[in-house]
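**Student:** So that we are looking at the same thing, I have put the structure below in structure tokens.
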Amino acid sequence: MSTPASTDEPRYPSGTSPAAIRAALLPEDVPRFDRDYRHALDVAREALSLTDLVETLESWRRIARSTQADPVAHRRMVQSAEHAQRTGEPPAGTRPWNSLKSELGL
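Each number in the numbering used here comes from the position in the sequence shown (counting from 1) with 8 added on.
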């Protein structure tokens with residue numbers, strides 16, 4: 009006896025499907041997710057390998073979890089990182105690595 013083909017979507021662990029990841033992101037992160045996801049799909053199609061796609065989704069899944077855990081803190085962290093990249097200034101309240109190592113006696 010044969011089993012009829014399933015028309016259901018594949019079952020993913022909770023929160024790991026591309027749609028679930030996208031839905032958990034801040035609105036300002038969605039365009040970057042879409043761009044990265046499309047690129048990973050293109051790479052998978054050309055290379056016949058899912059490695060880049062799986063790595064991309066896992067990276068964005070971590071971002072989605074951080075976002076859902078504390079959206080305000082996540083947004084603040086992203087803004088701080090963007091400011092540091094744009095200005096070259098370290099985030100407020102941080103110290104250089106050498107200073108911390110000295111303080112710890114390393």
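Virtual Cβ for every residue (Gly too), placed ideally from N, Cα, C.
Go ahead and pull the three-state DSSP assignment for leucine 43.
**Tutor:** As a first step, residue 43 is located in the sequence shown; it is residue number 35 there, counting from the start. The question names leucine, but residue 43 in the sequence shown is arginine. Three-state result, arginine 43: helix.
**Student:** Considering only residues of the same chain and omitting the five flanking positions on each side of alanine 52, which have a CB-CB separation below 7 Å?
**Tutor:** The residue labelled residue 52 in the question sits at position 44 within the sequence shown. Around alanine 52: Leu58, Asp60, Leu61.
**Student:** Identify the continuous alpha helix (DSSP H) that holds leucine 58 and give its terminal residues.
**Tutor:** Counted from its first residue, the sequence shown places residue 58 at position 50. It is not in any alpha helix (DSSP H) - leucine 58 carries neither H nor E in the DSSP assignment.
**Student:** Run through DSSP, which three-state label would aspartate 78 get?
**Tutor:** In the sequence shown, counting from the first residue as 1, residue 78 sits at position 70. Coil.
**Student:** Measure the beta-carbon distance from proline 98 to leucine 65 and round it to whole angstroms, keeping in mind my assumption that it falls under 8 Å.
**Tutor:** To locate residue 98, count along the sequence shown from 1; it is residue 90. To locate residue 65, count along the sequence shown from 1; it is residue 57. Proline 98 to leucine 65, Cβ: 31 Å. No contact.
**Student:** Taking only three categories from DSSP, how would you classify threonine 95?
**Tutor:** The residue given as residue 95 occupies position 87 in the sequence shown. DSSP places threonine 95 in helix when its eight states are reduced to three.
**Student:** Tell me the DSSP secondary structure of leucine 112 in three-state form.
**Tutor:** The count along the sequence shown starts at 1 and reaches residue 112 at position 104. Helix at leucine 112.
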